[in-house]
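A.B. asks:
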Amino acid sequence: MQNIISVKGLTKQFHNLTAVNQLSFTVNNGDVYGFLGQNGAGKSTTLRMLLTLIEPTEGSIEVAGMDLLKHHKEVLRNIGAVIEKPDVYKYLSAYENVQLFAKLSGVRLSKEQIMQQLAMVGLQDRANDKVKTFSQGMKQRVGIAIALVHNPQIVILDEPTNGLDPQGIADIRNMILHLSRDLKKTVVVSSHLLSEIEQVATRVLIIDKGKKLVEGNADELFDPSETIVELETANNHFAFNQLEQSNWNNYLLRERKGNPVLKLNKKDIPQLHKDLVALNIELIAMQPKHSLEDYFLRITSANYS
Amino acid sequence: MFTLLQIELYKIFKRPRTYIAFAAITALIVIIQLGLKVDGKEYADFVLADMKNMLEINGKIINGYFVCYVILQLLLIHVPLLIALIAADMISGEANMGTLRLLLTKPISRTEFIMAKFLAAAIYTILLLIWIAVLALFVSMLVFGTDDMFLVKNAYAVQIERADIFWRYAGAFCFAALAMLTVAALCFFLSNFAENSIGPIVATMSVIIVTTILSTMSIPLFNTIKPFLFTTHMVAWKEFFDIKVNDANETIKGTVEHADKIIRSSIVLVVHIVLFVGASVVVFKKKDVLS
Chain H
354 MQNIISVKGL TKQFHNLTAV NQLSFTVNNG DVYGFLGQNG AGKSTTLRML LTLIEPTEGS
414 IEVAGMDLLK HHKEVLRNIG AVIEKPDVYK YLSAYENVQL FAKLSGVRLS KEQIMQQLAM
474 VGLQDRANDK VKTFSQGMKQ RVGIAIALVH NPQIVILDEP TNGLDPQGIA DIRNMILHLS
534 RDLKKTVVVS SHLLSEIEQV ATRVLIIDKG KKLVEGNADE LFDPSETIVE LETANNHFAF
594 NQLEQSNWNN YLLRERKGNP VLKLNKKDIP QLHKDLVALN IELIAMQPKH SLEDYFLRIT
654 SANYS
Chain G
2 MFTLLQIELY KIFKRPRTYI AFAAITALIV IIQLGLKVDG KEYADFVLAD MKNMLEINGK
62 IINGYFVCYV ILQLLLIHVP LLIALIAADM ISGEANMGTL RLLLTKPISR TEFIMAKFLA
122 AAIYTILLLI WIAVLALFVS MLVFGTDDMF LVKNAYAVQI ERADIFWRYA GAFCFAALAM
182 LTVAALCFFL SNFAENSIGP IVATMSVIIV TTILSTMSIP LFNTIKPFLF TTHMVAWKEF
242 FDIKVNDANE TIKGTVEHAD KIIRSSIVLV VHIVLFVGAS VVVFKKKDVL S
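Those protein sequences? They're chains H and G, same order as listed.
Position one of the first sequence corresponds to residue 354 (my numbering), numbered consecutively onward.
Position one of the second sequence corresponds to residue 2 (my numbering), numbered consecutively onward.
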């Protein structure tokens, strides 16, 4: 697949702090590229350098074959972005904000086109309301409408689920999938909510202290043989007894407190389901833990040790 | 560039804060006009107290031209604060709202962006002065009528014929615009370094107060720097109302006593504007947007 973003040896030094250190990665055309790291890992600094908001101390960034610093206007015509909070002009309406940023992007949109843009993010009914009356999730959607106003090939979303309620998080997830699958955009999305990245990303980069820890396909990083499953039962004491006397004893991870937790291959989950019924364990919920999260914690903690 | 300027003006005039300055100016001018309308004669007697025995004055002392001069003298000290309200917000306000990072992810050049912002602040400043001119000059002319203008300076009095006044006001307002643009440029420059508008407003007013004190103090130590301080030159608009006299001590219509002062002050102010705006461009182009 063709590279659309190529970053080589990117470094940003703030006085004595090296926020990003010799970072190199590539994003392929059509990727949903998950950019993972703990708070302060250097994700936002890297994305801001991709958007010319911060000048790199060292390194090069190429977007669609063009050097970012030499051709920044041309490059930015191909990128739409929401960086951290979706801050727009609160004293303007959603319609006026989209119209204003469309002009800034060099695009003249008709009233119908602006309304279509707002309809795409579900805000057509609130088009003429001032943004100051909007919830955080709605502001995030205005931000996305603005990011897409010039129909960019690349969409960069920095922590897009920050401060959102579960419905807002689900909306953003669906929006990312829509951008990728239906509109064929390349999406770079950063988050520390690993479960969210896991559900949308095709490729993943994990950074820590400004350095690359790992980059690869999400499928490869996700190891199905080490899926963690937490059981919520009506009677945990009874559930532990039953599981310890069954073939699942070897898969049990936790001591006899809290909910039973098992480590197993993902393909064995249907069998576990059947056996729980056969063992008369009243199951309230089964929560597969995200292996990518475990992976992330494992490699970042290894980096600290 | 023109689109950027249009957008900046649109944002300025969509904000309620913009109209505070216009409302404040209106209130101040109306208060002064009301006071002079009601007690104008007492005011004139007070101003002319030392000269009454030496002069015989016929005609209306308190006329529209005189009232406008009084208003400008009182108001031009305070207008910088009203200009700072907007100019200080041009960059720091965007940083504070978080919109700066969104703006700069769009395909625009930083130099064009900063120039469009300064031009928008400059247009706002000029509109504010036009508003002052409309209220202070034209409304005063309507309310108080017109006559020759009689001004009392430190050691002498000046009488300017009615037909010789209007162009002087045009010149004075143009010069005042230059002085206020200098304030806007300073405030705009300081706006680069802050993430809310309070800092640049306070810093600008502090610079103006300190340099005004330095400009007016007669201490030899400060005399060498006085010619380079923009506050020394901001009051040169008054020179338009000093008229040349002939050997018979008669005023010469259409003349200004110290035209060279006006030219020199204009050059100093323009240099300050260019320096402040140029420095803003340099700083902003290198600025890392972390807000």
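Built from N, CA and C at the ideal position, the CB exists for glycine as well.
1. Below 6 Å, is the gap between the Cβ of A394/H and the nearest heavy atom of the ligand NAP?
2. So, does the CB of T19/G fall closer than 7 Å to a CB anywhere in chain H?
3. So the candidates are G395/H, D420/H, D478/H; which of them puts its Cα closest to the Cα of S544/H?
4. Out of I522/H, N450/H, L536/H, which has the shortest C-alpha to C-alpha gap to S548/H?
5. How is Q74/G classed by DSSP in three states: helix, strand or coil?
6. Pull up the DSSP beta-bridge partners for F378/H, would you.
7. Measuring alpha carbon to alpha carbon, tell me which of G41/G, P81/G, N97/G, L86/G ends up nearest V71/G.
8. Does chain G have any CB closer than 7 Å to the CB of S658/H?
9. Any beta carbon of chain G sitting closer than 7 Å to that of L429/H?
10. I30/G and L136/G - do their beta-carbons sit closer together than 7 Å?
11. What's the C-alpha gap between N59/G and F194/G?
12. What first and last residue would you give for the beta strand (DSSP E) that runs through F229/G?
13. For S372/H, which three-state DSSP category applies?
14. Have a look at V275/G and E251/G and give me their C-alpha separation to the nearest angstrom.
15. Go through the segment 559 to 617 of chain H residue by residue and report every complete run of the beta strand (DSSP E) that reaches 3 residues or more, in order.
16. Please decide whether V524/H counts as near chain G, where near means a Cβ-Cβ distance under 7 Å.
17. Once DSSP output is grouped into helix, strand and coil, what is the label at L82/G?
18. Contact criterion: CB-CB distance below 7 Å. Does D289/G meet it with respect to chain H?
19. May I ask you to report which of helix, strand or coil DSSP gives A134/G?
20. Check whether the Cβ of L457/H lies closer than 7 Å to any Cβ atom in chain G.
21. Tell me the rounded alpha-carbon separation between S110/G and K426/H.
22. Just confirm the distance between the C-beta atoms of Y185/G and A123/G, as a whole number of angstroms; I'd bet it's less than 8 Å.
23. Check whether chain H comes within 7 Å of P228/G, counting only Cβ atoms and requiring the distance to be less than that.
24. At the level of alpha carbons, what is the spacing between G490/H and Y442/H?
25. Tell me the rounded alpha-carbon separation between I622/H and V508/H.
26. Suppose you measure from the CA of N589/H to the CA of V373/H; what does that come to, to the nearest Å?
27. Since A434/H meets chain G, which of its residues come closer than 7 Å, beta carbon to beta carbon?
28. What first and last residue would you give for the alpha helix (DSSP H) that runs through V144/G?
29. Could you say which of F285/G, Y66/G, Q7/G lies nearest to R169/G if we only look at CA atoms?
30. Relative to the C-alpha of T232/G, which residue among A88/G, H273/G, A204/G is closest?
31. Could you please tell me which residues of the segment 439 to 457 of chain H, in chain order, have their CB closer than 9 Å to any CB of chain G?
32. Could you work out which residues of chain H lie near M98/G, taking near to mean beta carbons separated by less than 8 Å?
33. Quick one: what's got a C-beta closer than 6 Å to G279/G's C-beta in the same chain, skipping five residues either side?
34. Closer than 8 Å by beta-carbon distance: list the chain G residues that pair up with I407/H, in chain order.
35. Buried or exposed: N64/G, going by 16 or more other Cβ atoms within 10 Å of its Cβ?
36. Using a Cβ-Cβ distance cut-off of 7 Å, determine whether T4/G contacts chain H.
C.D. replies: Inspection of the coordinates gives the following:
1. As presented, the structure is devoid of all ligands, the ligand NAP included, so that no description of it is given.
2. Stepping through the second sequence from its first residue, residue 19/G is reached at position 18. Taking Cβ atoms only, chain H never reaches closer than 7 Å to T19/G, which makes this a no.
3. Counting from 1 along the first sequence, the entry for residue 544/H is found at position 191. Closest by alpha carbon: G395/H.
4. Sequence index remark: in the first sequence, residue 548/H carries index 195 (1-based). Per the Cα distances, I522/H.
5. In the second sequence, residue 74/G corresponds to position 73, counting from 1. Three-state result, Q74/G: helix.
6. Within the first sequence, numbered from 1, the residue matching residue 378/H stands at position 25. DSSP output for F378/H lists V360/H as bridge partner(s).
7. The count along the second sequence starts at 1 and reaches residue 71/G at position 70. The residue with the shortest Cα to Cα distance from V71/G is G41/G.
8. Counting from 1 along the first sequence, the entry for residue 658/H is found at position 305. The predicted position of S658/H is uncertain, since its pLDDT is 48 and thus under 50; no value can be drawn from it.
9. Mapped onto the first sequence, residue 429/H falls at position 76. True, the Cβ-Cβ gap to chain G drops below 7 Å.
10. Your numbering for residue 136/G matches position 135 in the second sequence. Your numbering for residue 30/G matches position 29 in the second sequence. Cβ distance < 7 Å, so L136/G and I30/G count as in contact.
11. In the second sequence, the residue the question calls residue 59/G occupies position 58. In the second sequence, the residue the question calls residue 194/G occupies position 193. Rounded to the nearest angstrom, the two C-alpha atoms are 56 Å apart.
12. Numbered from its first residue, the second sequence carries residue 229/G at position 228. It is not in any beta strand (DSSP E) - F229/G carries neither H nor E in the DSSP assignment.
13. Within the first sequence, residue 372/H is the residue found at index 19, counting from 1. Here residue 372/H turns out to be Ala, not Ser, going by the sequence shown. In this structure, A372/H counts as strand in the three-state DSSP scheme.
14. The count along the second sequence starts at 1 and reaches residue 275/G at position 274. The count along the second sequence starts at 1 and reaches residue 251/G at position 250. Rounded to the nearest angstrom, the two C-alpha atoms are 41 Å apart.
15. 564 to 570, 580 to 586, 614 to 617
16. In the first sequence, counting from the first residue as 1, residue 524/H sits at position 171. For the sequence presented, residue 524/H should be read as Asp rather than Val. Not one chain G Cβ lies under 7 Å of D524/H.
17. Here residue 82/G is taken as the residue at index 81 of the second sequence, counted from 1. If DSSP states are grouped into helix, strand and coil, L82/G belongs with the helices.
18. Within the second sequence, residue 289/G is the residue found at index 288, counting from 1. Yes - at least one Cβ of chain H is within 7 Å of the one on D289/G.
19. Residue numbering aside, residue 134/G sits at position 133 when the second sequence is read from its first letter. Reduced to three states, the DSSP call for A134/G is helix.
20. Along the first sequence, read from residue 1 onward, the residue named residue 457/H stands at position 104. For L457/H, the answer is yes, since a Cβ of chain G falls inside 7 Å of its Cβ.
21. Within the second sequence, residue 110/G is the residue found at index 109, counting from 1. Within the first sequence, residue 426/H is the residue found at index 73, counting from 1. Distance between the alpha carbons of S110/G and K426/H is about 7 Å.
22. In the second sequence, residue 185/G corresponds to position 184, counting from 1. In the second sequence, residue 123/G corresponds to position 122, counting from 1. A small correction: the amino acid at residue 185/G is Ala; Tyr does not occupy that position in the sequence shown. With 8 Å as the limit, A185/G and A123/G qualify as a contact, their Cβ atoms being about 6 Å apart.
23. As a working note, residue 228/G is residue 227 in the second sequence. Judged by the 7 Å Cβ criterion, P228/G is not in contact with chain H.
24. By one-based count along the first sequence, residue 490/H stands at place 137. By one-based count along the first sequence, residue 442/H stands at place 89. In a straight line, the C-alpha of G490/H is about 15 Å away from that of Y442/H.
25. Counted from its first residue, the first sequence places residue 622/H at position 269. Counted from its first residue, the first sequence places residue 508/H at position 155. The straight-line gap from Cα to Cα measures roughly 36 Å.
26. One-based indexing of the first sequence puts residue 589/H at position 236. One-based indexing of the first sequence puts residue 373/H at position 20. If I take the Cα positions, the gap works out to 46 Å.
27. Locating residue 434/H in the first sequence gives position 81, counting from the first residue. Simply T106.
28. Within the second sequence, numbered from 1, the residue matching residue 144/G stands at position 143. That run of the alpha helix (DSSP H) goes 141 to 145.
29. Taking the first residue of the second sequence as 1, we reach residue 169/G at position 168. The shortest Cα separation from R169/G among F285/G, Y66/G, Q7/G belongs to Y66/G.
30. Within the second sequence, the letter at position 231 stands for residue 232/G. For the residues A88/G, H273/G, A204/G, the minimum Cα distance to T232/G belongs to H273/G.
31. P439, D440, V441, Y442, K443, Y444, L445, E449, L453, F454, K456, L457
32. On the second sequence, residue 98/G is found 97 positions in, with the first residue counted as 1. Correct list: D440, Y442, K443.
33. Walking along the second sequence from the start, residue 279/G turns up at place 278. Excluding residues within five positions, none has a Cβ falling inside 6 Å.
34. Taking the first sequence and counting its residues from 1, the one referred to as residue 407/H is at position 54. What I407/H touches in chain G: D289, V290, L291.
35. Taking the second sequence and counting its residues from 1, one reaches residue 64/G at position 63. Counting Cβ neighbours within 10 Å, N64/G comes out buried, since at least 16 surround it.
36. One-based indexing of the second sequence puts residue 4/G at position 3. Yes, contact with chain H.
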